[in-house]
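Protein sequences, first through last, are from chains A and B. So in numbering that gives the first Met the number 0, spot 167 of the first sequence is number 166, and the numbers just go up one at a time. So in numbering that gives the first Met the number 0, spot 314 of the second sequence is number 313, and the numbers just go up one at a time. C-beta atoms are modelled at their ideal positions from N, C-alpha and C, and glycine is treated no differently. No experiment lies behind these values; they were computed from the predicted model shown.
Protein chains: 2
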Amino acid sequence: MTSKKRRVKLEDIARKLNISIATVSRALDENPRVKLSTREKVINAAKTMGYMPNQIAKSLSSGKTNIIGVIIPRYDEPFFIEVCRGIDNYAREHNYKILISSSRNSFEFERENLISFERGLVDGIILSPTHETEMFAHIKNIINKGIPVVLFDNIREEVSGADHVIIEDDKASFEAVEFLIKKGKKRIAFIGGIMEKKVFQNRYKGYIDAMKKYNMPIHDDLILHCKSLDREFEDVEIQSFLKGVSIIPDAIFTCTDNYGLLTMKTLLKMGYNIPDDVAVIGFGDLGLGEVFVPSMTCIAQPTYEMGQKVAELLINQFNEPNDVSHRKKVVKLKTQLVLRDST
Amino acid sequence: MTSKKRRVKLEDIARKLNISIATVSRALDENPRVKLSTREKVINAAKTMGYMPNQIAKSLSSGKTNIIGVIIPRYDEPFFIEVCRGIDNYAREHNYKILISSSRNSFEFERENLISFERGLVDGIILSPTHETEMFAHIKNIINKGIPVVLFDNIREEVSGADHVIIEDDKASFEAVEFLIKKGKKRIAFIGGIMEKKVFQNRYKGYIDAMKKYNMPIHDDLILHCKSLDREFEDVEIQSFLKGVSIIPDAIFTCTDNYGLLTMKTLLKMGYNIPDDVAVIGFGDLGLGEVFVPSMTCIAQPTYEMGQKVAELLINQFNEPNDVSHRKKVVKLKTQLVLRDST
DNA sequence: TTAAATAATGCAAACGTTTGTATTATTATA
DNA sequence: TATAATAATACAAACGTTTGCATTATTTAA
Numbered sequence: 000m001t002s003k004k005r006r007v008k009l010e011d012i013a014r015k016l017n018i019s020i021a022t023v024s025r026a027l028d029e030n031p032r033v034k035l036s037t038r039e040k041v042i043n044a045a046k047t048m049g050y051m052p053n054q055i056a057k058s059l060s061s062g063k064t065n066i067i068g069v070i071i072p073r074y075d076e077p078f079f080i081e082v083c084r085g086i087d088n089y090a091r092e093h094n095y096k097i098l099i100s101s102s103r104n105s106f107e108f109e110r111e112n113l114i115s116f117e118r119g120l121v122d123g124i125i126l127s128p129t130h131e132t133e134m135f136a137h138i139k140n141i142i143n144k145g146i147p148v149v150l151f152d153n154i155r156e157e158v159s160g161a162d163h164v165i166i167e168d169d170k171a172s173f174e175a176v177e178f179l180i181k182k183g184k185k186r187i188a189f190i191g192g193i194m195e196k197k198v199f200q201n202r203y204k205g206y207i208d209a210m211k212k213y214n215m216p217i218h219d220d221l222i223l224h225c226k227s228l229d230r231e232f233e234d235v236e237i238q239s240f241l242k243g244v245s246i247i248p249d250a251i252f253t254c255t256d257n258y259g260l261l262t263m264k265t266l267l268k269m270g271y272n273i274p275d276d277v278a279v280i281g282f283g284d285l286g287l288g289e290v291f292v293p294s295m296t297c298i299a300q301p302t303y304e305m306g307q308k309v310a311e312l313l314i315n316q317f318n319e320p321n322d323v324s325h326r327k328k329v330v331k332l333k334t335q336l337v338l339r340d341s342t
Numbered sequence: 000m001t002s003k004k005r006r007v008k009l010e011d012i013a014r015k016l017n018i019s020i021a022t023v024s025r026a027l028d029e030n031p032r033v034k035l036s037t038r039e040k041v042i043n044a045a046k047t048m049g050y051m052p053n054q055i056a057k058s059l060s061s062g063k064t065n066i067i068g069v070i071i072p073r074y075d076e077p078f079f080i081e082v083c084r085g086i087d088n089y090a091r092e093h094n095y096k097i098l099i100s101s102s103r104n105s106f107e108f109e110r111e112n113l114i115s116f117e118r119g120l121v122d123g124i125i126l127s128p129t130h131e132t133e134m135f136a137h138i139k140n141i142i143n144k145g146i147p148v149v150l151f152d153n154i155r156e157e158v159s160g161a162d163h164v165i166i167e168d169d170k171a172s173f174e175a176v177e178f179l180i181k182k183g184k185k186r187i188a189f190i191g192g193i194m195e196k197k198v199f200q201n202r203y204k205g206y207i208d209a210m211k212k213y214n215m216p217i218h219d220d221l222i223l224h225c226k227s228l229d230r231e232f233e234d235v236e237i238q239s240f241l242k243g244v245s246i247i248p249d250a251i252f253t254c255t256d257n258y259g260l261l262t263m264k265t266l267l268k269m270g271y272n273i274p275d276d277v278a279v280i281g282f283g284d285l286g287l288g289e290v291f292v293p294s295m296t297c298i299a300q301p302t303y304e305m306g307q308k309v310a311e312l313l314i315n316q317f318n319e320p321n322d323v324s325h326r327k328k329v330v331k332l333k334t335q336l337v338l339r340d341s342t
């Protein structure tokens, strides 16, 4: 077993064929400057010698890594994974790879991740800010260094120089609540998440706006801003909310799929009939809403498309004159109410 | 707005302080060879000048990228994401990043991904082979080039030179079926996946072994090897299976969480009571088994731990004498039957 | 006070490419 | 056949680090 570990490099091919490294490089690039016969010789030699270009050397030389850095708050949320899938798909079609890292819902980790991406490993960054992220200085800092950035989902503050992709959260929840009202529901409860997240602010706003527009009484008692970040505790919180309400709601608008499912679970266990006693709507429509019995009416987000859009914007930035110090594109994606058995 | 785009590099610091690049490099490395006062001057200058090391140059020079390549068959399966989370966690603690790519359930993509990882961007590779993967030549090829490889989950053939991490699939399903038998179930159905996947072969084997051990009649009619790779079609397949069975089962052992949930959904819609008419067991225990009503008994896999283990093995390989041409460690992880309302 | 020992720093090659410019080889033109 | 034009190739710097070895500065010992 001859342990020939050394990688074949351009130099090896060059020496073997008695030509220069530059010619080898250009031949493999199909550069018309090298004679056809030479090119063929080189390509053949490369193949038989098992040549593989060194990506790192290429990157150092060209100043491009063809890697996109992606920072998401967490892995265990289908929404983010689906966005990543969209990013990956678009990126690969354009010859980019993606390097995902999780900020674990922590501003500090987000900052660290961003800093580590400043080390030249990535050509640009896609970021979904944490709920803890209040100051955007770390992001602006990156932008000032000339690294393209696109933000999505939970953006509390518009950042000059970065593109933004968001969902029409307020409009979506307005419509969902309006739908419940038009169905004749009188006591519509709201289950949302931490108000530090812009998306939850907006979804709450949509709820309030719809209620006001139709002159529905707003009971604080029917409103829960879920504080947990962990499924297990969400469950506990929702259970104690539902068991403690003074007025029994006849519909519940929830701000995530998971809130919706947990709500339905608890309602069923409490003996309520869905949708006759209580109707439930979820938000997201990733995965299980369709499988649950009864199936759950959801606001469907174009999650995969969001990923694609985000990647598209970033890659466009790569090709723009990098002088544009105040680029700022905001893309709002539409949602759709998918009706199922829970309403 | 002065558009100073050029990155600060070691040379800039060196020039500013009138010292050599080598000293700057060593100072930032806290190398004791440089005088404390110099080191401090350098560190200060680096900070005020906003120096960020160039990862690519570092990698080229050191021959290490500190990136681990991960290839999974698909993103939209919580199992793989959870494994990745485990990998990421362990990797980060050891100063590695992970670069995930999906083979999209295609052998061809798997091969392409592997080849792209041969270009020196990653220090090692973690791979979960596709169901299409029959020949392991592409993997052996990588190993022969001296790139450390660890395989997990669906391994049809042991690959000399790579570590393996798998679940005790056969044992797990044996125990689950045994549990059903001891509960007095007489007509236990089986819903598995494509038999090209080793994991499904093993889970089927466990079912058969248990049935044989307890002299239970095995009806082909009660066995479904689901062919779909897509949730939507899985649903259709399972529905038509359940509606078409000649004997009504009193228990169904299913080989994934999703099969289990879809089974329960269809049973409920058909008017059966779970678990009184039919008991159901799922496999995986990621996510929704607990939320469904009734909650689903599952075989729980140590998925996150699997990721950690896989990463650990790979990183260990990095530190081994790279001469070991026939290393091969096989790690089998234990499962646990989690009892819930569906049985 | 000088040689020897040690501490601090600098030089330059190496990592494997790309690419502008210089050089050489070949063909076309007169 | 000499010369201009063009085609093919080679040279060498650059990308930003790391690191073995050489050199210079400083301290210690005699």
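Beta-carbon separation (whole angstroms), residue i vs residue j, contact threshold 8 Å
| i | j | result |
| --- | --- | --- |
| Ile280(A) | Thr296(A) | 5 Å |
| His130(A) | Ile193(A) | 6 Å |
| Ile187(B) | Val176(B) | 6 Å |
| Ala278(A) | Leu179(A) | 6 Å |
| Phe151(A) | Ile165(A) | 7 Å |
| Gly85(B) | Glu304(B) | 6 Å |
| Ile124(A) | Ile141(A) | 7 Å |
DSSP beta-bridge partners of residue i
| i | result |
| --- | --- |
| Phe189(B) | Ile222(B) and Phe252(B) |
| Thr129(A) | For Thr129(A), which the question treats as bridged, DSSP gives no partner whatsoever. |
| Val149(A) | Ile125(A) and Asp162(A) |
| Gly205(B) | Answer by DSSP bridge pairing: none, since Gly205(B) is not bridged. |
| Phe282(B) | Ile298(B) |
| Gly68(A) | Leu98(A) and Ile124(A) |
Inter-residue spacing [alpha-carbon to alpha-carbon] between residue i and residue j
| i | j | result |
| --- | --- | --- |
| Ser227(A) | Leu27(B) | 42 Å |
| Ser2(B) | Ala161(B) | Only weak support exists for where Ser2(B) lies, its pLDDT of 42 falling under 50; the value from the coordinates is given anyway. Rounded to the nearest angstrom, the two C-alpha atoms are 50 Å apart. |
| Lys333(A) | Asn88(B) | 35 Å |
| Thr47(A) | Leu59(A) | 27 Å |
| Gln200(B) | Phe106(A) | 45 Å |
| Glu117(A) | Glu311(B) | 27 Å |
| Arg339(B) | Ser239(A) | 21 Å |
| Asn94(B) | Gly62(B) | 15 Å |
| Asn17(B) | Gly49(B) | 18 Å |
| Ala299(A) | Glu157(B) | 43 Å |
| Asp168(A) | Arg202(A) | 5 Å |
| Glu133(B) | Leu313(B) | 23 Å |
| Arg6(B) | Gly145(A) | 10 Å |
| Val41(B) | Lys8(B) | 12 Å |
| Pro128(B) | Lys196(B) | 9 Å |
| Lys264(B) | Val329(B) | 37 Å |
Per-residue DSSP class, three states only, for residue i
| i | result |
| --- | --- |
| Ser101(A) | strand |
| Asp275(A) | coil |
| Val235(A) | helix |
| Asp340(B) | coil |
| Lys96(B) | strand |
| Met0(B) | Residue confidence is low: Met0(B) scores 36 on pLDDT, short of 50, so the model does not pin down where it sits. Its coordinate-derived value is still stated next. Coil. |
| Lys331(A) | strand |
| Asp229(B) | coil |
| Pro320(A) | coil |
| Ser343(B) | Outside the shown range of chain B (0 to 342) lies residue 343(B), about which nothing can therefore be said. |
| Asp28(A) | coil |
| Asn53(A) | coil |
Residue i Cβ short of 7 Å to the ligand MN heavy atom set
| i | result |
| --- | --- |
| Ala161(B) | Of the ligands one can find in the structure shown there are none, so the ligand MN has no counterpart to examine. |
Proximity below 8 Å, CB of residue i to CB of residue j
| i | j | result |
| --- | --- | --- |
| Gly205(A) | Ser172(A) | yes |
| Val290(A) | Leu223(B) | no |
| Leu285(A) | Pro77(A) | yes |
| Gln54(A) | Gly119(B) | yes |
| Ile70(A) | Cys83(A) | no |
| Pro293(B) | Ile273(B) | yes |
| Asn104(B) | Arg73(B) | yes |
| Ile251(A) | His218(A) | no |
| Ile66(B) | Ala45(B) | no |
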